[in-house]
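Peer 1: I'd like to ask you about the structure that follows.
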Amino acid sequence: MTDLVHYSLANGVATIQLDDGNRNALSPAMFRQIYAAFDRAEADRAIVIITGREQVFSAGFDLKVMKGAPLDALRMLHAGYSLTARVMAYPYPVIAACNGHVLAMGVFLMLSADYVIGTRGEFRIAANEVAIGLTIPRVAAAMLRHRLTPADFQTAVTLSRYFPVEDALKAGFFDELSEAALLMPRARELASEFAKLDMPAHTASKRRIRQSLIRYIRRSVPLDLLDALRVGVRAALRGRR
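See below:
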């Protein structure tokens, strides 16, 4: 299998890099490798930096799979939606170092991290579900509400607003911005700072304040999958007319 996710460990910090050579579409294969990387990092008792490739963190779910076999699409959606809870409950700090554009499921993965660094430049951040004809999934809405200001949450969801990076910082997508060349050095600097935390207290605290959200996400995943299945059936019926 081609490596879509690269794992490296140094000084107690695991770097998980998404790189499919293109837009970092979150395919079933990439999700399997992301889960495996987080399992490996947890076994290594490591702080995580999750990052993408040049100019893109992730453009979201793999649309080829979405348009393919329904069962494959549902499995992919299940993996993606469930990943948000996995990352939010991860027992060590997680830093998302976002290299540029971030869309849809890429946004929800990014917002699962404890700290998010964006990259300055002509990049856009958006939950574009409504723009492509989809009702926002419950999990997606919960992740956006978790981080964004109330007004920006409304425009992000109902209008599929594309946020330039400076606006994304103000909205709550990012905790700070960095120049591209300094993105990973800054992420490693933060990891060194976070390593000084009491990790049992960090784990217990993050899980305490996110308990209701994580529980809601896990309850919502099957409902969102059912919605996706219904949309797929309706689309198939329209195609037969």
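Position 134 (the sequence shown) corresponds to 135 in our numbering; numbering is contiguous. Backbone N, C-alpha and C define an ideal beta-carbon position, used for all residues, glycine too.
#1: Throw me the rounded Cβ distance for the V66 and A74 pair, which I believe falls under 8 Å.
#2: Could you give the C-beta distance for L226 and L78, rounded to a whole number, given that I count them as a contact under 8 Å?
#3: Would you grab the beta carbon distance between S9 and T16 for me? Rounded to a whole angstrom, and I think it's under 8 Å.
#4: Tell me whether Q26 is buried or exposed, calling it buried when 16 or more other Cβ atoms sit within 10 Å of its Cβ.
#5: Name the DSSP beta bridge partners of H7, please?
#6: Per DSSP, what kind of secondary structure is A80 in: helix, strand or coil?
#7: Just tell me which of G122, A37 and R76 has its CA closest to the CA of Q56.
#8: What is the rounded straight-line gap between the Cα of V234 and the Cα of K68?
#9: Which same chain residues, not among the five before or five after P71, have their C-beta less than 6 Å away from its C-beta?
#10: Alpha carbon to alpha carbon, how far is K171 from T136? Give it in angstroms, no decimals.
#11: Run through the stretch 37-114 for me and flag every whole beta strand (DSSP E) of 3 or more residues, listed as ranges in chain order.
#12: Return the Cβ separation of T52 and M185 in integer angstroms, given the expectation that the two are a contact with Cβ distance under 8 Å.
#13: When you compare the CB positions of Y116 and D176, do they come within less than 7 Å of one another, or not?
#14: Using the Cβ count rule (16 or more neighbours within 10 Å means buried), how would you classify N12?
#15: For A157, report the span of its alpha helix (DSSP H) as first-last.
#16: Hey, out of A132, A98, L110 and R139, whose CA is closest to T120's CA?
#17: Taking its Cβ as the centre, do 16 or more other Cβ atoms sit within 10 Å of N100, making it buried, or is it exposed?
#18: Going by beta-carbon coordinates alone, are A114 and I215 separated by less than 7 Å?
#19: Output yes if chain B places a C-beta closer than 7 Å to the C-beta of F175; else output no.
#20: Checking 7 Å against the spacing of the C-beta atoms, do A157 and A128 come in under that value?
#21: Ignoring anything shorter than 4 residues, give me the alpha helix (DSSP H) runs that lie fully in the stretch 149-213, in order along the chain.
#22: By how many angstroms is the C-alpha of K207 removed from the C-alpha of Y36?
#23: Per DSSP, which one or two residues make a beta bridge with T120?
#24: With H, G and I counted as helix, E and B as strand and the rest as coil, what does DSSP make of L135?
Peer 2: Taking the structure as given:
#1: 6 Å
#2: 6 Å
#3: 5 Å
#4: Sequence inspection shows Ala at residue 26; the Gln mentioned does not correspond to that position. A26 should be labelled buried.
#5: Q18
#6: helix
#7: G122
#8: Residue confidence is low: V234 scores 45 on pLDDT, short of 50, so the model does not pin down where it sits. Its coordinate-derived value is still stated next. Rounded to whole angstroms, V234 to K68 spans 12 Å at the Cα level.
#9: Once the five neighbours on either side are set aside, the close Cβ partners of P71 are G233.
#10: 25 Å
#11: Listed in chain order, the complete beta strand (DSSP E) runs (minimum 3 residues) inside the stretch 37-114 are 48-52, 56-59, 95-98 and 101-104.
#12: 7 Å
#13: yes
#14: exposed
#15: P151 to T159
#16: A98
#17: buried
#18: no
#19: Of the protein chains in the structure, only one exists, and it is not chain B.
#20: yes
#21: 151-159, 166-172 and 184-195
#22: 20 Å
#23: S179
#24: coil
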